[in-house]
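Have a look at the structure below, then the notes.
In the working numbering, the protein residues as written are 45 to 103.
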């Protein structure tokens, strides 16, 4: 029997999903995955994440 690997979910991943949802990008991500996003959309997610992480003093 194969042992199932436990998937670790990091706080940054949760934050990324929250930001993508707020920006209205989740339908596009669910349909085609993260590679479906344009560089502008990915950059927007990263920018919002950075601002939030600074506010939370993660960085």
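Note that CB positions come from ideal geometry on N, CA and C, so glycine has one too. No experiment lies behind these values; they were computed from the predicted model shown.
- Task: Could you say which of 89, 103, 102 and 99 lies nearest to residue 60 if we only look at CA atoms?
- Result: As a position in the chain shown, residue 60 is number 16, starting the count at 1. Of the candidates 89, 103, 102 and 99, the one whose C-alpha sits nearest the C-alpha of residue 60 is 89.
- Message: Out of 98, 69 and 95, which one is the CA nearest neighbour of residue 83?
- Response: Walking along the chain shown from the start, residue 83 turns up at place 39. That would be 69, whose Cα lies nearest to the Cα of residue 83.
- Task: Count the other C-beta atoms from every protein chain shown that fall within 10 angstroms of the C-beta of residue 64, then say buried if there are 16 or more, exposed otherwise.
- Result: Stepping through the chain shown from its first residue, residue 64 is reached at position 20. The residue in question, residue 64, is buried, as its Cβ has 16 or more Cβ neighbours within 10 Å.
- Message: Suppose contacts are defined by Cβ-Cβ distances below 8 Å. Is residue 73 in contact with residue 80 by that definition?
- Response: Looking up residue 73 in the chain shown gives position 29. Looking up residue 80 in the chain shown gives position 36. Residue 73 is a Cβ neighbour of residue 80, given a cutoff of 8 Å.
- 6 Å Cβ shell around residue 92 - same chain, five flanking residues per side excluded: What you label residue 92 is simply residue 48 of the chain shown in a count that begins at 1. The residues are 63.
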